[in-house]
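See structure below.
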Amino acid sequence: MIYLILAILLFSFNNVLWKKNLANISVGLLMTYRSLFTSILSVSLLFYFYDVTAFSFFQISKTFTASILGVIGLYSMLTVYKKASLQWAAIYNLLGIIFTILYVWLFKELDVKSSLVGIFIIAAGFIFYIYTNKNSSLKINVKQHLLLILMTLCFGTATILNWENLNQQIPAIFIIANQEVLVFICGTALLFLQKKLKKPLQVTAILQGYFYRVLLMSLVIFLGLLFSFLGLEITNPIISGVLFLASPITTIIFSAYFFKEKIKVTDWIAIAVIAFGAFLLHLQTT
Numbered sequence: 103m104i105y106l107i108l109a110i111l112l113f114s115f116n117n118v119l120w121k122k123n124l125a126n127i128s129v130g131l132l133m134t135y136r137s138l139f140t141s142i143l144s145v146s147l148l149f150y151f152y153d154v155t156a157f158s159f160f161q162i163s164k165t166f167t168a169s170i171l172g173v174i175g176l177y178s179m180l181t182v183y184k185k186a187s188l189q190w191a192a193i194y195n196l197l198g199i200i201f202t203i204l205y206v207w208l209f210k211e212l213d214v215k216s217s218l219v220g221i222f223i224i225a226a227g228f229i230f231y232i233y234t235n236k237n238s239s240l241k242i243n244v245k246q247h248l249l250l251i252l253m254t255l256c257f258g259t260a261t262i263l264n265w266e267n268l269n270q271q272i273p274a275i276f277i278i279a280n281q282e283v284l285v286f287i288c289g290t291a292l293l294f295l296q297k298k299l300k301k302p303l304q305v306t307a308i309l310q311g312y313f314y315r316v317l318l319m320s321l322v323i324f325l326g327l328l329f330s331f332l333g334l335e336i337t338n339p340i341i342s343g344v345l346f347l348a349s350p351i352t353t354i355i356f357s358a359y360f361f362k363e364k365i366k367v368t369d370w371i372a373i374a375v376i377a378f379g380a381f382l383l384h385l386q387t388t
């Protein structure tokens, strides 16, 4: 359980670091710079502890599929983080539990009728949150909502695939290395596809100025991923599911603390309703 608690805190802190650093740097450049460190670290550990030639094509393809979805979800999330509050991403992460329940229903022979109450509560809390923030400074546009929906679907599917990968004895470090290398490749490609590329001297100055901050980000997310996978391997699914519901909540609290974003009473009510609905769904599906 301690692994999952550490992962929750690290993921929430990582969201704050993303938001702070994106204030003066592009999404593509920050993705590439951060994944450079995590790729080197994870690949080094992978080659040190495992014989990479022993992994089958099936294992590689499943991990690659989850990584692709993770990259799409990450880019969607960071695009929203660039201009909007962390609170919205946290709310959509809570909504991701509905996607998970659909998977369990379709592929794990779950009786969906027992989950309707939880789904209804989550939907009611989300609608209430949007309604109470429609005229506030936290309001976002339709494009940002669509990006958050894409993020939720991609992260949800990637999580399910990685859960299955862990159950098939694919090492956590292999999953992390695969994901981070792909983030680096996609981030680099994104930089070259940008219409306005900065001059080499400008890029060098940015890389030097952000070195220690990005290094901190790399360590935080690497440990967060590692602890989350280790926790999922050894912790009762009921406990892990309930604990991970705290991650979006702690992100919202961190957002209020670090960015002075006001959390109204109505926000707390909406968050509590959504969390309670997600809690019920986890109890009914595990």
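For this note's numbering, count along the sequence shown from 1 and bump the result up by 102. All C-beta atoms in this analysis are idealised placements derived from N, C-alpha and C, irrespective of residue type, glycine included. Note that this is a predicted model, so its numbers are computed, not measured.
Supposed close pair residue i, residue j - CB separation, criterion 8 Å
i, j, result
"Ser-357", "Leu-188", "4 Å"
"Leu-332", "Ala-274", "6 Å"
"Ile-308", "Ile-127", "6 Å"
"Asn-116", "Gly-326", "6 Å"
"Gly-379", "Ile-170", "Between Ile-170 and Gly-379 the Cβ distance is about 30 Å, and since that is not below 8 Å, they are no contact."
"Phe-276", "Phe-157", "7 Å"
Residue burial classification, residue i (beta-carbon count within 10 angstroms, cutoff 16)
i, result
"Val-283", "buried"
"Lys-366", "exposed"
"Pro-339", "Legend: pLDDT at Pro-339 = 46, less than 50; position of this residue unreliable, value from coordinates given subsequently. Answer is exposed; the Cβ neighbour count stays below 16."
"Ile-229", "exposed"
"Tyr-105", "buried"
"Thr-353", "buried"
"Ile-107", "exposed"
"Thr-306", "exposed"
"Val-154", "exposed"
"Leu-218", "exposed"
"Lys-121", "buried"
"Leu-112", "buried"
"Leu-248", "exposed"
"Leu-382", "buried"
"Ser-146", "exposed"
"Phe-222", "exposed"
"Phe-361", "exposed"
Residue nearest to residue i in terms of C-alpha spacing, selected from the options
i, options, result
"Leu-317", "Leu-197, Ser-128 and Ser-141", "Ser-141"
"Phe-160", "Ala-225, Asn-267, Ala-226 and Thr-290", "Asn-267"
"Asn-280", "Ile-162, Lys-121, Thr-134 and Tyr-135", "Ile-162"
"Gln-246", "Cys-256, Tyr-312 and Trp-190", "Trp-190"
"Ile-110", "Lys-241, Val-322 and Val-285", "Val-322"
"Phe-313", "Leu-112, Val-118, Ser-114 and Thr-134", "Thr-134"
"Leu-292", "Gly-130, Ser-114, Val-118 and Ile-224", "Gly-130"
"Leu-132", "Leu-328, Gly-311, Tyr-152 and Ile-221", "Gly-311"
"Ile-193", "Leu-382, Ala-374 and Leu-385", "Ala-374"
"Thr-181", "Ser-146, Gly-198, Met-319 and Ile-242", "Ile-242"
"Phe-369", "Leu-143, Gln-296 and Thr-234", "Sequence inspection shows Asp at residue 369; the Phe mentioned does not correspond to that position. Looking at the Cα atoms, Thr-234 is the closest of the given residues."
"Glu-363", "Tyr-152, Leu-143, Ser-146 and Ala-186", "Ala-186"
"Val-285", "Trp-265, Ile-272, Ser-320 and Arg-315", "Ser-320"
"Leu-328", "Val-118, Ser-144, Gln-271 and Ile-355", "Ser-144"
"Ser-137", "Cys-288, Gly-220, Phe-360 and Gln-296", "Cys-288"
"Trp-265", "Glu-335, Leu-147 and Leu-385", "Glu-335"
"Ile-272", "Tyr-152, Phe-139, Ser-146 and Ser-114", "Tyr-152"
"Lys-184", "Val-118, Gly-198 and Leu-208", "Val-118"
First and last residue of the uninterrupted alpha helix (DSSP H) at residue i
i, result
"Ala-150", "The question names Ala, but residue 150 in the sequence shown is Tyr. Taken as a continuous stretch (DSSP letters only), the alpha helix (DSSP H) holding Tyr-150 covers 129 to 151."
"Glu-363", "Counting along the chain, Glu-363 falls outside any alpha helix (DSSP H), and DSSP gives it neither H nor E."
"Ser-169", "159 to 183"
"Tyr-231", "218 to 234"
"Val-285", "274 to 295"
"Tyr-403", "The chain is shown from 103 up to 388; residue 403 falls before or after that span and cannot be answered."
"Lys-245", "244 to 269"
Are the stretch 241 to 260 and the stretch 174 to 190 touching by the rule of at least three beta carbon pairs closer than 8 Å?
yes
Count the C-beta pairs between the stretch 248 to 258 and the stretch 150 to 168 that are closer than 8 Å, then say yes if the count reaches three, no if not.
no
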